[in-house]
Amino acid sequence: LADNARLSLAESELIADRREAARAAFESLRADPKSDAGVRERAHYQLLVIALEEARWADVLTLGAEFRQNYPESPTLAYVDYAAAESVLADPQASNERLEQLIPRLQGMMATLPADSEGWAPRLWVLTAETLFRLKRYDEVPPLLEDLRSKLPTTTLR
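In our numbering, the protein residues as written are 997 to 1154.
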């Protein structure tokens, strides 16, 4: 019960935009073997969210890989994969091979959007379009836009 209270306090710090305090609390909860497994998972997830918001791409990849290994059945894996895709595209030196590998992953995520993805799901189409653009596959972008319009008709992305 105490670790759930500590998690709530850490999330309150995050909501109040006191990221350093939140990060320290999440790291403590994640590392504490006495913390409930669900609390450790949530703390780990929140550390990934903070890393993504702060564009700490190496941390996004490391935290994401650790999360996937430790919580392979987590309902938040789709967000972890989305964060990894953001980190790949943040690298202006990403190889064409790495970009090519990203496309089917993004397409898979677009095909199976989780219920809680409305805040970040439209970015999947943006990331795919950016990937196609960087690969000079320009003719594939307009159908992608049509797909976005059909699957997420209320999105403000056009």
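Think of the CB as a built atom: it goes at the ideal place given N, C-alpha and C, for glycine as much as any other residue.
Indicate whether residue i and residue j have their beta-carbon atoms separated by less than 8 Å.
i: residue 1092; j: residue 1035; result: no
i: residue 1056; j: residue 1079; result: yes
i: residue 1038; j: residue 1003; result: yes
i: residue 1061; j: residue 1110; result: no
i: residue 1150; j: residue 1144; result: no
i: residue 1059; j: residue 1051; result: no
i: residue 1043; j: residue 1019; result: yes
i: residue 1107; j: residue 1148; result: no
Using alpha carbons as the reference points, say which of the options lies closest to residue i.
i: residue 1041; options: 1030, 1071, 1017; result: 1071
i: residue 1101; options: 1111, 1087, 1076; result: 1076
i: residue 1140; options: 1151, 1124, 1132; result: 1124
i: residue 1137; options: 1046, 1081, 1120, 1109; result: 1120
i: residue 1015; options: 1049, 1068, 1030; result: 1049
i: residue 1023; options: 1007, 1011, 1083; result: 1007
i: residue 1088; options: 1118, 1108, 1130; result: 1130
i: residue 1127; options: 1011, 1103, 1064; result: 1103
I'd like the span of the alpha helix (DSSP H) that includes residue i, first residue to last.
i: residue 1077; result: 1073 to 1085
i: residue 1096; result: 1092 to 1107
i: residue 1049; result: 1033 to 1049
i: residue 1070; result: Here residue 1070 belongs to no alpha helix (DSSP H), and DSSP marks it neither H nor E.
i: residue 1025; result: 1015 to 1027
i: residue 1002; result: 998 to 1011
Can you round the beta-carbon distance between residue i and residue j to whole angstroms, since I take them to be within the 8 Å contact cut?
i: residue 1122; j: residue 1153; result: 7 Å
i: residue 1021; j: residue 1009; result: 6 Å
i: residue 1086; j: residue 1098; result: Incorrect: roughly 12 Å between the Cβ atoms, too far for contact.
i: residue 1053; j: residue 1083; result: 4 Å
Margin query: Ignoring anything shorter than 4 residues, give me the alpha helix (DSSP H) runs that lie fully in the region 1107 to 1141, in order along the chain.
Written below: 1117 to 1130
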